[in-house]
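The numbering of the sequence shown is the numbering used here, which starts it at 834 and goes up by one. For each residue, glycine too, the CB sits at the ideal point set by N, CA and C. A quick note: this is a predicted structure, and the numbers were derived from the prediction, not measured.
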Amino acid sequence: MREFGGVDTALDLGCGEGRILSIIHNSCDQQLVVGVDLREALLRDTVAPALRPQTTQSGSLYAIGDEFRERDTEIRLYAGDISIPDPRLVGFDSIVTTEVIEHLDPPALNALPHVVLSIYGPKIWFVSTPNKEYNALFPDYVDEFVRDADHRFEYTRSEFRSWVLSVAQSNGYLAALGGVGLMNGPKSNSRQLPYDPAIGHCTHSIPMSFRLSTSPRLH
């Protein structure tokens, strides 16, 4: 987010257990960080305790690795459906949706880009989702393999590109496709597999940025 500049507020849609939310909070200088997830109990019991600052006599400090630094960042957690407009979420500088869209049913997937780009209107929307073509590198790969039983779909590179370009153009944004991640861990017997241009990265990623139209309004 630092490379885009002028990003003082961040919104994590579909924040889950708060891993990305925590990274944003601890590694970027944000005035306001908000996480949204459908599961209220998860936000209350898991995410909120994990983001609670360390308290010292001098005030609240947030951990960054083995170091601590003072923070005046405001953190909010909201329970709700990310595909339904929420007036509280309009006007954030950056919105992050990581490993979320593949869990959405078609109506929600179709609604989300309009909600994010045309109603909320961030300077940048960062989206990531698994690369279906990379699945063949998993040892337990079989036909119709998906990485999670809850995934409604997994995009190939061409499918993701088509989706990205369509939603970006429809909502007045530019897009730059990319990828992140290497396979490493128990499923790969702790082997780290290099990037293969014939297959692509483990995860598709895309920042959509530079809104061209006027400021959004909730409607």
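Checklist entry - For SER991, which of helix, strand or coil comes out of DSSP? => result Judged by DSSP in its simplified three-state form, SER991 adopts helix.
Next on the checklist: Going by DSSP, what residue range makes up the beta strand (DSSP E) through ARG909?
Outcome noted: Here the beta strand (DSSP E) through ARG909 covers 907 to 912.
Checklist entry - Do the CB positions of GLU935 and GLU987 come within less than 7 Å of each other? => result Their beta carbons are under 7 Å apart, which means GLU935 touches GLU987 by this criterion.
Item to check | Opening and closing residue of the beta strand (DSSP E) in which ALA922 lies | outcome: Checking the sequence shown, residue 922 turns out to be Leu, not Ala. Unbroken run through LEU922: none, as it is neither H nor E.
Next on the checklist: Give me the DSSP bridge partner(s) of THR862.
Outcome noted: Checking the sequence, you will find Asp at residue 862 rather than Thr. DSSP, once it has assigned bridges, lists no residue as partnering ASP862.
Item to check | For ALA881 and LEU910, believed in contact at Cβ under 8 Å, the rounded distance | outcome: Right, the Cβ-Cβ distance comes to about 6 Å (below 8 Å), so this counts as a contact.
Checklist entry - Tell me which same chain residues have a C-beta within less than 7 Å of the C-beta of HIS1058, skipping the five on either side of it? => result The chain is shown only over 834 to 1052; residue 1058 falls outside these bounds and no answer can be derived.
Checklist entry - Between ASP841 and LEU865, what straight-line distance do the alpha-carbon atoms span, to the nearest angstrom? => result For ASP841 and LEU865, the distance between alpha carbons rounds to 7 Å.
Item to check | Cβ-Cβ distance between LEU846 and THR930 below 7 Å | outcome: Note that the C-beta distance between LEU846 and THR930 is below 7 Å.
Checklist entry - When you compare only the Cα positions, how much space is there between SER916 and TRP996? => result As the crow flies, the alpha-carbon of SER916 is around 16 Å from that of TRP996.
Checklist entry - Shortest alpha-carbon distance to HIS858 belongs to which of ILE908, ASP870, LEU876 and GLY849? => result Per the Cα distances, ILE908.
Checklist entry - Apart from the five residues on each side of it in sequence, which residues of its chain come closer than 6 Å, Cβ to Cβ, to VAL867? => result So the qualifying residues of the chain are LEU844 and ARG909.
Checklist entry - Can you give the Cα-Cα distance for PRO940 and SER860, rounded to whole angstroms? => result Cα-Cα distance, rounded: 34 Å.
Next on the checklist: Rounded to whole angstroms, what is the Cα-Cα separation between ALA874 and GLY851?
Outcome noted: Those two C-alpha atoms are separated by around 13 Å.
Item to check | Where ALA843 sits in the DSSP three-state scheme | outcome: Looking at ALA843 - three-state DSSP - the assignment turns out to be strand.
Checklist entry - What residue does the beta strand (DSSP E) around PRO955 start on, and which one ends it? => result Counting along the chain, PRO955 falls outside any beta strand (DSSP E), and DSSP gives it neither H nor E.
Next on the checklist: Give me the residue from CYS848, THR989, ILE856 and ILE853 with the minimum Cα distance to GLU966.
Outcome noted: Of CYS848, THR989, ILE856 and ILE853, the smallest CA-CA separation from GLU966 is found for THR989.
Checklist entry - Quick one: Cα of GLY1011 to Cα of LEU876, how far? => result So the alpha carbons of these two residues sit roughly 30 Å apart.
Item to check | Nearest-angstrom Cα separation, counted from CYS848 out to THR906 | outcome: So the alpha carbons of these two residues sit roughly 18 Å apart.
Checklist entry - Mind checking whether LEU950 and ASN1004 have CB atoms under 7 Å apart? => result The answer is yes: Cβ separation under 7 Å.
Checklist entry - Would you call ALA1009 buried or exposed, if buried means 16 or more other Cβ atoms sit within 10 Å of its Cβ? => result For ALA1009, the number of other beta carbons within 10 angstroms of its own is below 16, and it is reported as exposed.
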